Amino acid sequence: MPSNQTPVAETEPVVEPVETRPAAHVHAALTRTSTGNEDLRELESGLDSLQSDADRKHRIEWSRILLPIAALAVLILVWQFYVSLGVKRRDLVPGPLDVMTQMGVLWNEGKLQEAVWTSLQRGLVGFLISVAIATPVGLLLAQVAPLRRAFGPLISGLQVLPSVAWVPAAIIWFGLTDATVYFVVFMGAIPSIINGLISGVDQIPPQYRRVGTVLGASRLQMALQVILPAALPGYLGGLKQGWAFSWRSLMAAEIIAVGGTIGFGLGSLLDQGRILSDMTVVMSAILLILAVGILIELLVFGPVEKRLLRRRGLLAGSTR
Amino acid sequence: MPVVLEHLGKRFGDGAPVLDDVNANIKQGEFVALLGASGCGKSTLLNIIAGLEAPTSGALEVPSDGAAFMFQDAALFPWLTARENIELALKLRGVGKSERRAKAQELLELVHLGAAGDKRPHELSGGMRQRVSLARSLAQDRQLLLMDEPFAALDAITRDLLHDELERIWKETGRTIVFVTHNVREAVRLGQRVLLLSSRPGRVVQEWAVTEEHRTDAGLAGQLTGVITARLREEIRRHAK
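Read top to bottom, the protein sequences are chains A and B. Mapping to this note's numbering: the first sequence position 60 is 824, numbers consecutive. Mapping to this note's numbering: the second sequence position 95 is 142, numbers consecutive.
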C-alpha cells in the first residue's frame, strides 16, 4: 500500500501544473477532487458534453418514399409484360390497364367509395371496440397469475382458431346483420391484442417493477404508470396483429355473409365479381383490400411504432 | 436513531444463512459505507432495510415512511424524459401537478442537469443517468437514502466526480445515507463510518471512523484504505480451501 510521500491517485498529474488553481492537491478516488460547487459544475458539464452524442437532425429520407414507388412500378411492368405475352385468356388474367378502367367505372358508379368506406368504417370501429375490451382484460391476465393460468391457453387457442370459423355460428345467432360481422371481427382481434399485451408485459425488465415498488406505486398506479408504458412495444405489436386479424376476419365475413341488412363492403364487392365471373372486379377488390392494409400500416402503425422506438433509443442500427 | 439493526438474520429457504447476527446503529444524518466482498449479503441487507424483503430473525427499526433507494443501474424508465422520471417519483408520492414541475427542475439543478431535463435516458451518458437517478431518489423525500453500488458501473473519471457530487448533496440535504460498495477506496472517500461485512454469512466484523482530515489528506486516506483492505483480504482468505 502507498506511503505518505506518494499520493495515491488514479489520475495523477505527470507534470507539476502551474499554480492557477489548486490542481496539485487533486488525489482522485481518495480525497475531494474538485474545489467547490462551481468547479464541480464546470467539470461535470464538460464531461457530460464529452460523453453524450451531438443531436442528429432528421431529414426527409427520399429513399423511403421513392424505393417503394419504384418497386410498385416494376411489379406493374412485370404484370403488364406477362399479360402482353398472351399466355392466358384476357378475361382470366386482365392487364393493369383493364383493372384501372374497371376501377374508374366502379368509382363513377359510386360503388368503390361505398365499399371502401363501409369496410373501413366497420374494420376501424370493430378494432377500436376490440382494443377497449382487450386492454383491461390483457392487463388483468398479465398481472393476476391464477387468472392467467386459467385463461391463458384458451386465449392462445382462440388466437390460432381462424375467426372465419365463427361465421356460420354468427349467422345462426345474429342473422345477416352487422352484428354478425362485428362478432367475427371481435373474435379475430381480441385474442391477438390480449396475447400481444401479455407478451409485452412478460418482457418488462424486473427492475422496473422494483423501482415502481420503491417509489411507492399502488397496484393500479403500477399497472398504469409502469407496466402499461413498459409493455408498449409488445402491446403495439399486438395491436398491429389485432388490426390485421380484424381486417382479414371482416373480409371473410363480408364474402360469406351477403344480403340481409349487411351493407356493401369490399368483401361483398369481391363476391359480386366472382358471381359475375368478372375478373377485373375481383382484381379491383383484391387490390383495394391490399391498398387499405398498406395505407393503415404506412399512415398509422408505421409512424407510431417508429416514434415509440426512437424515443426509447431502440432504433439505432435497425433497417426501419 | 433512524436505523437500528439488532441480531438481524436472513436465510433463503433451507440454505445457509446469508446474514447472521448483524448489529448496527445508524445516526440521523450519518453517511455510512457498508463494505464487503461478494456474497456478504450487502444487497440483501439493503433490501431488508428498504422493506423489500423480510428478515428471518432479529429485529430492525427503520423510519416509518420507508427509504429512498438508488440502484446500481440507473433504472430510469426509458419512455420518460429525465424530468418526467423525477416527476413520476413526485407524483407517486402525491405531490400536486403544478408543484411537481418546479420541484423536478429544482432537483435537476441540484444534480447539475438543469439543461438536460428534456433528454431521454438513452441520450444521457452513464454518469448523467446516475445523477438523474439520484435526483429521483431525492424526489422521494425520505430521510433515509439507501444506495446499492450506484457508481460501480461508471468509468473512473465520472466516478471521482460523482463522489464529490454525492458528498455535496449529502451536506446540502442532510440525508442519512447507507452506501453499499465493494470498493474500499470508495468507502473511505464517502463514508463517515465504514462498516466491514464478512462473507457467508454476512456480519459486521469491524468498523472505522473516517474524519474530515481523511477528505483532504491523501496520505492519511491511503493509510486507512490500506488497513481496511488488509482486514477485508483476511476475511476473503478465510474462505480459501
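The beta-carbon is built from N, C-alpha and C at its ideal position, and this holds for glycine as well. A quick note: this is a predicted structure, and the numbers were derived from the prediction, not measured.
query	result
Less than 8 Å between CB atoms is the rule here; does residue 785(A) satisfy it with respect to chain B?	Unreliable positioning characterises residue 785(A) in this predicted model, as indicated by a pLDDT of 47, which lies under 50. The coordinate reading is nonetheless provided below. Output row for residue 785(A): interface = no.
Should residue 947(A) be labelled buried (16 or more other beta-carbon atoms within 10 Å of its own) or exposed?	buried
Is it buried or exposed for residue 1060(A), if we count other Cβ within 10 angstroms and need 16 for buried?	buried
May I have the straight-line CA-CA distance separating residue 232(B) from residue 89(B), to the nearest angstrom?	17 Å
Which stretch, first to last residue, makes up the beta strand (DSSP E) that contains residue 78(B)?	78-83
Beta carbon of residue 170(B), beta carbon of residue 816(A): below 8 Å?	yes
Span of the alpha helix (DSSP H) holding residue 1034(A)?	1030-1039
Hey, which unbroken runs of the alpha helix (DSSP H) at 4 residues or more fall wholly within the region 827-878 of chain A?	860-873
State the CB to CB distance for the pair residue 209(B) and residue 174(B), rounded to an integer number of angstroms; the pair is presumed to be in contact (CB under 8 Å).	6 Å
Taking residue 149(B) as part of the alpha helix (DSSP H), name the residues at either end of that continuous run.	144-157
Quick one: what does DSSP say residue 39(B) is sitting in, helix, strand or coil?	In the structure as shown, chain B starts at 48 and stops at 288, and residue 39(B) therefore has no counterpart that could be examined.
Just to check my reading of the structure: residue 234(B) and residue 82(B) have Cβ atoms closer than 8 Å, yes? What is that Cβ distance to the nearest angstrom?	4 Å
When you check each C-beta in the region 981-999 of chain A against every C-beta of chain B, which residues fall closer than 9 Å?	981, 982, 985, 989, 990, 993, 994, 996
So residue 130(B) and residue 165(B) are in contact, right, with Cβ under 8 Å, and what is the actual spacing, rounded?	6 Å
Would a C-beta distance cut-off of 8 Å place residue 1046(A) and residue 1037(A) closer than the cut-off?	yes
Hey, is residue 788(A)'s beta-carbon within less than 8 Å of any beta-carbon in chain B?	Note on residue 788(A): pLDDT 45, under 50, position unreliable in the model; the coordinate value appears next. It does not; no Cβ of chain B falls within 8 Å.
Compute the Euclidean distance between the alpha carbons of residue 146(B) and residue 186(B), then round it to the nearest angstrom.	12 Å
Which value, in whole angstroms, describes the spacing of the CA atoms of residue 202(B) and residue 126(B)?	25 Å
What residues are listed by DSSP as bridge partners for residue 241(B)?	80(B), 255(B)
Identify the continuous beta strand (DSSP E) that holds residue 50(B) and give its terminal residues.	50-57
Mind listing which residues of the region 956-974 of chain A have their C-beta closer than 8 Å to chain B's C-betas, in chain order?	971, 972, 974
Which of the three DSSP states is assigned to residue 123(B) in this structure?	coil
Please classify residue 230(B): does DSSP put it in a helix, a strand, or coil?	coil
Within 10 angstroms of the Cβ of residue 872(A), are there 16 or more other Cβ atoms? Answer buried if so, exposed if not.	exposed
DSSP state of residue 98(B), grouped into three classes?	coil
Taking its Cβ as the centre, do 16 or more other Cβ atoms sit within 10 Å of residue 112(B), making it buried, or is it exposed?	exposed
Name the chain B residues that come within less than 7 Å of residue 801(A), Cβ to Cβ?	215
Taking C-alpha atoms, which residue in 1069(A), 980(A), 1022(A), 990(A) lies nearest to residue 139(B)?	980(A)
With a threshold of 8 Å between beta carbons, is residue 1069(A) in contact with chain C?	Here the protein chains are A and B, and chain C is not one of them.
Nearest CA to the CA of residue 967(A): which residue from 945(A), 990(A), 984(A)?	990(A)
In its own chain, which residues sit with a C-beta less than 6 Å from the C-beta of residue 245(B), not counting the 5 before and 5 after it?	252, 282
Name the chain B residues that come within less than 8 Å of residue 1077(A), Cβ to Cβ?	125, 167, 168, 169, 170
Within a Cβ cutoff of 7 Å, which residues of the same chain sit near residue 238(B), ignoring the five residues on either side of it in sequence?	78, 79, 80, 226, 257
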